[in-house]
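Peer 1:
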Amino acid sequence: MKYLNSKKYKYLIYILSVIVLIFVIFNIYISIQIHKELVNKVTNPGPWPAGSYIYDPEIGFDFAPNVSGLIKNGSFYVKSHQLGYRIGEQENAVSYQSGGILSLGCSFTYGDEVDAGQTFTQLIAKGLELPAYNYGICSFSYAHALLKAQKLKDQGVLDKLQPKYVILGCWNGLLKRSRSPFPPTASKKLPLAVAYIDKDGKDLYIHPPLKIQYIFDMMEMYRSEGVELSFKKFIKLFILAPRYLYLRLINNRLFQKHKARQSEVTDYDIYDFYFTGIESLFSPYQTRIIVLFMPSSANEHPHEALKKAIAKHPDIIFVDGQRALKKYGVPARDYQGKHPQPAAHIAYARGAIGLIRTSQAAH
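Given below as structure tokens:
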């Protein structure tokens, strides 16, 4: 009997040892894969200055304050005020004036491919002799812009800036993006699931993002310490591997679920939800809201859902960017299938300034 028990005990130890060995080998393999992905991300970081994007637990990601540097190809300068909005290369990153124009949106609003002074935000502010606070964030959606505005409120930034106007950059591509947990910057191997708009019965809500602080922390470590695989890094990766694998599984399941599911959130739902939220956040400051529609083709016009939502919110000043482009003779090559170029930003600004002045005269 003792012999049988001893044999059974040894067999259990053998099985456990095999399981542990398999786990260790598998974990080593995953750790090496994570290392390769981190090396790829750090050595091929894209056009933005290192550290431009930071993790945000409510939004998923954000643009960092106090960033300063040329875009990779040198075509325009990237600089953030300490309060987080975009400013020009020579502008002071600490001082500010209240009572200006605040903008929210994606890369169209941020001004990807143009300098800060060429963006419609700065041009409108200059035309009205007001300060500018450009909070456009590349890859943002309406959900992210609303969360960003809420964060500015919670941090006391809106109390400091007291914006006179808020401009909401709007184009048709942001509707799909607002329903999706996967932004344009998402990676299958390094998951980046973000907040998105969903529906629970009749009510809309913003679904929170996955918690991925540790992935951003690892990327920052590789940037600061270099891409060589040291023992310290390997141990961190080895410990991280099970969480990373779990996140990949959750991420893939979310992707398949999102791909197979037809969202119940309509275009009108998104616009109404967004405009209502913005009005609620900015009403204490008596801020006027401007919606700027920016087409991505010569045949793209504001659709019925946007018009219906604007009609429900009559205090909104609506700027039809397509009409402005036509009025000021901007060729399609300056906006079709690309980020708005300087001529398009000028047209948007002139169209907005005209409507703002008309609204001021009426009041």
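With numbering that gives the first Met the number 0, you'll find the sequence shown wraps up at 362, consecutive numbering, no jumps. Glycine included, C-beta positions come from ideal geometry on N, C-alpha and C.
1. Under DSSP, the alpha helix (DSSP H) around Val66 begins and ends at which residues?
2. From what residue to what residue does the alpha helix (DSSP H) around Asp153 run?
3. If you measure between the beta carbons of Ala148 and Gly99, is that distance less than 8 Å?
4. Taking just the CA atoms, how far does Tyr204 sit from Arg322?
5. Would you list the one or two residues that DSSP bridges to Cys169?
6. Quick check on Lys337: does DSSP put it in helix, strand or coil?
7. Between Ile309 and Ile355, which are expected to be in contact by the criterion C-beta below 8 Å, what is the C-beta distance as a whole number of angstroms?
8. Under 8 Å Cβ to Cβ from Leu69, same chain only, skipping five residues before and after it: list those, please.
9. Does Gly135 come out as helix, strand or coil in the three-state DSSP assignment?
10. Given Lys371, which residues of its chain have a CB within under 8 Å of its CB, disregarding the five upstream and five downstream residues?
11. In whole angstroms, what is the alpha-carbon distance linking Ile123 and Asn72?
12. Run the proximity test for Ala115: is its beta-carbon closer than 7 Å to any non-hydrogen atom belonging to the ligand MG?
13. Report the three-state DSSP secondary structure of Asp111 (helix, strand or coil).
14. Glu88: which of Ile234, Asn65 and Cys105 sits nearest, CA to CA?
15. In this structure, how does DSSP classify His257 when only helix, strand and coil are distinguished?
16. What does the alpha-carbon distance come out to for the pair Leu11 and Leu20?
17. Kindly identify the DSSP beta-bridge partner or partners of His344.
18. Are the beta-carbon atoms belonging to Pro208 and Ile58 less than 8 Å from one another?
19. Can you tell me which residues form a DSSP beta bridge with Asp202?
20. Can the beta-carbon of Ile136 be found closer than 8 Å to that of Ile289?
21. With DSSP as the reference, identify every bridge partner of Asp319, one or two as the case may be.
22. Can you tell which of Leu305, Ala351, Ala361 and Ser296 has its C-alpha closest to the C-alpha of Gln121?
23. Beta strand (DSSP E) containing Asp55: first to last residue?
24. Check whether the segment 170-182 and the segment 253-272 touch, using three or more Cβ-Cβ pairs below 8 Å as the test.
25. Counting only runs that start and end within the segment 81-105, where is the beta strand (DSSP E) found for 3 or more residues in a row?
26. For a test of the three-state rule: what should DSSP assign to Gly59, helix, strand or coil?
27. If the criterion is Cβ atoms closer than 8 Å, does the pair Arg222 and Val23 meet it?
28. Pick out whichever of Ala348, Leu103, Ser179 and Ile18 has its Cα sitting closest to the Cα of Val193.
29. Answer yes or no: do Ile196 and Val93 have a C-beta to C-beta separation smaller than 8 Å?
30. At which residues does the alpha helix (DSSP H) containing Val156 begin and terminate?
31. Please confirm whether Tyr363 and Arg287 have their CB atoms less than 8 Å apart.
32. Along the alpha helix (DSSP H) that carries Tyr76, what are the first and last residues, could you check?
33. Which one of His206, Leu236 and Arg85 has the shortest CA to CA distance from Leu365?
34. Can you tell me which residues form a DSSP beta bridge with Arg287?
Peer 2: So, from the data block:
1. In this chain, Val66 is not harboured by any alpha helix (DSSP H), its DSSP state being neither H nor E.
2. Its alpha helix (DSSP H) spans residues Tyr141 to Asp153.
3. With contacts defined by Cβ atoms closer than 8 Å, Ala148 and Gly99 do not form a contacting pair.
4. Approximately 33 Å between the Cα atoms of the pair.
5. Note: Cys169 sits in a beta bridge opposite Phe292.
6. Here Lys337 sits in coil by DSSP.
7. The Cβ separation is near 16 Å, so there is no contact.
8. Non-local C-beta neighbours of Leu69 in its own chain, meaning closer than 8 Å and more than five positions away in sequence, comprise Pro48, Phe75, Tyr76 and Val77, ordered along the chain.
9. DSSP places Gly135 in strand when its eight states are reduced to three.
10. The question about residue 371 has no answer here: the residues shown for the chain are numbered 0 through 362.
11. About 27 Å.
12. This structure lacks the ligand MG; in fact it carries no ligand of any kind.
13. If DSSP states are grouped into helix, strand and coil, Asp111 belongs with coil.
14. Ranked by Cα distance from Glu88, the options Ile234, Asn65 and Cys105 are led by Asn65.
15. His257: helix per DSSP, three-state reduction.
16. Annotation: Leu11 to Leu20 spans about 14 Å, alpha carbon to alpha carbon.
17. DSSP links His344 through a beta bridge to no other residue.
18. Cβ atoms of Pro208 and Ile58: closer than 8 Å.
19. Beta bridge pairing from DSSP links Asp202 with Asp199.
20. No. Outside cutoff.
21. Asp319 is bridged by DSSP to Phe292.
22. Ranked by Cα distance from Gln121, the options Leu305, Ala351, Ala361 and Ser296 are led by Ala351.
23. Unbroken beta strand (DSSP E) run through Asp55: Tyr52 to Asp55.
24. Touching, per the Cβ criterion.
25. Complete beta strand (DSSP E) runs here, min 3: 100-104.
26. Gly59 falls in the strand class under three-state DSSP.
27. Remark: C-beta atoms of Arg222 and Val23 do not approach each other more closely than 8 Å.
28. Closest option to Val193, judged by alpha-carbon separation, among Ala348, Leu103, Ser179 and Ile18: Ser179.
29. Taking 8 Å as the cut-off, the beta carbon of Ile196 is found no closer than this to the beta carbon of Val93.
30. First-last of the alpha helix (DSSP H) with Val156: Val156 to Leu160.
31. Residue 363 lies beyond the stretch modelled for the chain, which goes from 0 to 362, so this question has no answer here.
32. Where Tyr76 is concerned, there is no enclosing alpha helix (DSSP H), although the beta strand (DSSP E) it sits in stretches over Tyr76 to Lys78.
33. Beyond the ends of the chain as shown, which are 0 and 362, falls residue 365; an answer cannot be given.
34. Answer by DSSP bridge pairing, in chain order: Tyr164.
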